[in-house]
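One structure is given here, and the rest of the page talks about it.
Protein chains: 2
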Amino acid sequence: MARSSQSISIGELARRTDCKPETVRYYERIGILRDASRTEGGQRRYGEDAVRRLTFIRHARDFGFSVDAVRELLAMSDQPDMPCQEVDAIAKHHLEKVESRLQRLSVLRDELQRMVTQCAGGKVGSCRIIEVISDHQHCISETAHGGAHDLG
Amino acid sequence: MARSSQSISIGELARRTDCKPETVRYYERIGILRDASRTEGGQRRYGEDAVRRLTFIRHARDFGFSVDAVRELLAMSDQPDMPCQEVDAIAKHHLEKVESRLQRLSVLRDELQRMVTQCAGGKVGSCRIIEVISDHQHCISETAHGGAHDLG
DNA sequence: ACTTGAAGCTGTAGCTGCTACAAGGTTTAA
DNA sequence: TTAAACCTTGTAGCAGCTACAGCTTCAAGT
Numbered sequence: 002m003a004r005s006s007q008s009i010s011i012g013e014l015a016r017r018t019d020c021k022p023e024t025v026r027y028y029e030r031i032g033i034l035r036d037a038s039r040t041e042g043g044q045r046r047y048g049e050d051a052v053r054r055l056t057f058i059r060h061a062r063d064f065g066f067s068v069d070a071v072r073e074l075l076a077m078s079d080q081p082d083m084p085c086q087e088v089d090a091i092a093k094h095h096l097e098k099v100e101s102r103l104q105r106l107s108v109l110r111d112e113l114q115r116m117v118t119q120c121a122g123g124k125v126g127s128c129r130i131i132e133v134i135s136d137h138q139h140c141i142s143e144t145a146h147g148g149a150h151d152l153g
Numbered sequence: 002m003a004r005s006s007q008s009i010s011i012g013e014l015a016r017r018t019d020c021k022p023e024t025v026r027y028y029e030r031i032g033i034l035r036d037a038s039r040t041e042g043g044q045r046r047y048g049e050d051a052v053r054r055l056t057f058i059r060h061a062r063d064f065g066f067s068v069d070a071v072r073e074l075l076a077m078s079d080q081p082d083m084p085c086q087e088v089d090a091i092a093k094h095h096l097e098k099v100e101s102r103l104q105r106l107s108v109l110r111d112e113l114q115r116m117v118t119q120c121a122g123g124k125v126g127s128c129r130i131i132e133v134i135s136d137h138q139h140c141i142s143e144t145a146h147g148g149a150h151d152l153g
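This is how it looks when you write it as structure tokens:
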């Protein structure tokens with residue numbers, strides 16, 4: 002060990018982990034990346050451990066884990082001797098969420114598909130899409146008062 | 002017509018359309034609901050047309066259309082003589098988004114499922130879930146630099 | 001040593017689509 | 001008349017970044 006560690010700039014770290022410097026600083030700010038050491042001029046310098054940690058974070062985010070879940074996963078992965086029940090619980094919980102979202106989305110897709118196929122291509126006044134939106138009975142919602150579907 | 006219109010308070014409008022007064026004011030502020038008439042004391046009063054318009058908005062949001070898409074749909078539904086190609090285009094575009102999201106989500110579910118089944122329930126240090134997150138190759142992403150999956 | 005240009009710094013504001021206050025004013029029913 | 005229930009505006013907050021502005025530092029070339 003001790004092979005000139007702490008030599009990676011924030012930009013290079015970002016490049017290696019496929020994110021942006023702003024994101025790295027953001028992760029530091031919210032406390033899931035530890036404060037980096039600094040050059041005399043005040044710039045951040047990282048070592049390989051930071052690359053590993055940030056890689057883990059990005060992967061977990063790719064899997065759709067929330068930042069809070071990531072925080073917990075990180076805390077646990079820092080304690081290799083603990084039993085991994087909690088890790089398991091977080092993953093299972095997340096899986097359930099993904100599954101329920103998947104279900105709702107597929108219902109949605111079917112409705113949209115029907116909507117689109119029924120549109121005969123006439124005028125707006127007789128457009129099936131507009132009609133369906135006007136008339137449809139609320140039946141997709143997540144929970145009783147669940148929000149919308151954040152599908153951009 | 003003209004049966005004492007403009008007699009509905011914001012709270013009642015919200016109740017009838019399954020949303021909250023704050024949301025109604027928000028929609029007014031961003032310009033997808035027209036400014037309401039006011040009582041002498043300055044409170045908003047609505048008519049049945051507002052109920053219809055807001056119902057349309059809520060339904061469209063339920064279908065996952067973005068507020069911008071809703072804005073366009075509303076503008077079009079206000080012009081019944083126009084051809085409905087654009088309506089169709091918006092709906093199709095949305096459908097495509099839903100479909101691609103659905104695909105990515107199902108890939109994600111499979112990975113999570115594998116992850117969870119492989120966890121033998123030992124210690125964190127040998128937990129498959131942690132390992133998979135650490136090692137997995139980035140392959141789920143939406144677009145080249147797409148964001149995360151907003152799955153809570 | 002000096003210059004240049006890229007990259008870094010902090011701090012703040014913006015994105016989406018609401019939601020939740022605070023601090024007051026209005027309406028309505030008893 | 002009075003109290004509860006409603007309404008008003010304005011502002012700040014949520015997630016998870018992203019994008020500035022206005023400045024400083026670093027690394028490489030000459």
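Protein chains in written order, with the working numbering: chain A, 2 to 153; chain B, 2 to 153.
Heads up, the beta-carbon is just placed ideally off N, CA and C, and yes, glycines get one too.
In this text the structure is predicted, and so the values were computed from the model without any measurement.
My understanding is that residue i touches residue j, with C-beta atoms under 8 angstroms, so please give their C-beta distance in whole angstroms.
| i | j | result |
| --- | --- | --- |
| residue 52/A | residue 18/A | 7 angstroms |
| residue 120/A | residue 89/B | 5 angstroms |
| residue 113/B | residue 92/A | 6 angstroms |
| residue 167/A | residue 64/B | Only positions 2 to 153 of chain A appear in the structure, and residue 167/A is not among them; the question remains open. |
| residue 60/A | residue 9/B | At roughly 51 angstroms, the Cβ-Cβ gap does not stay under 8 angstroms, so residue 60/A and residue 9/B are not in contact. |
| residue 83/A | residue 117/B | About 18 angstroms separates the two Cβ atoms, so there is no contact after all. |
| residue 107/B | residue 55/A | Not quite, the Cβ-Cβ distance comes to about 27 angstroms (not below 8 angstroms), so this is no contact. |
| residue 76/A | residue 95/A | Not a contact, Cβ separation roughly 16 angstroms. |
| residue 38/A | residue 7/A | 5 angstroms |
| residue 14/B | residue 47/B | 5 angstroms |
| residue 58/B | residue 27/B | Not a contact, Cβ separation roughly 11 angstroms. |
| residue 62/B | residue 11/B | That pair is no contact at about 18 angstroms. |
Within 8 angstroms (strictly less), CB to CB, does residue i reach chain B?
| i | result |
| --- | --- |
| residue 13/A | no |
| residue 81/A | yes |
| residue 131/A | yes |
| residue 2/A | Annotation note: pLDDT 40 at residue 2/A (below 50); position unreliable, coordinate value reported separately. It does not: the Cβ of residue 2/A has no partner Cβ on chain B nearer than 8 angstroms. |
| residue 65/A | yes |
| residue 74/A | yes |
| residue 10/A | no |
| residue 51/A | no |
| residue 142/A | Any reading at residue 142/A must be qualified, since the residue scores a pLDDT of 46, below 50, and its modelled position is unreliable; no value is offered. |
If you measure from the beta carbon of residue i to each beta carbon in chain A, is any gap under 8 angstroms?
| i | result |
| --- | --- |
| residue 78/B | yes |
| residue 84/B | yes |
| residue 125/B | yes |
| residue 6/B | no |
| residue 16/B | no |
| residue 149/B | Residue placement at residue 149/B cannot be trusted, given a pLDDT of 40 that sits under 50; what the coordinates show is reported in the next sentence. With 8 angstroms as the cut-off, residue 149/B counts as an interface residue toward chain A. |
| residue 137/B | yes |
Looking only at DSSP bridge pairs, what is residue i linked to?
| i | result |
| --- | --- |
| residue 45/B | 39/B |
| residue 10/B | 46/B |
| residue 124/A | 84/B |
Worksheet entry | Selection of the segment 86-103 of chain B by Cβ proximity to chain A, strictly under 9 angstroms | 86, 87, 88, 89, 91, 92, 93, 95, 96, 98, 99, 100, 102, 103
Worksheet item: For the segment 122-142 of chain A against the segment 94-111 of chain B, are there 3 or more C-beta pairs whose distance is under 8 angstroms?
Response: no
Worksheet item: When Cβ atoms are compared, which residues of the segment 104-120 of chain B fall closer than 9 angstroms to chain A?
Response: 106, 107, 109, 110, 112, 113, 114, 116, 117, 120
Item to complete: With 7 angstroms as the limit, tell me which residues of the segment 29-52 of chain B have their beta carbon closer than that to any beta carbon of chain A; keep them in chain order.
Response: none
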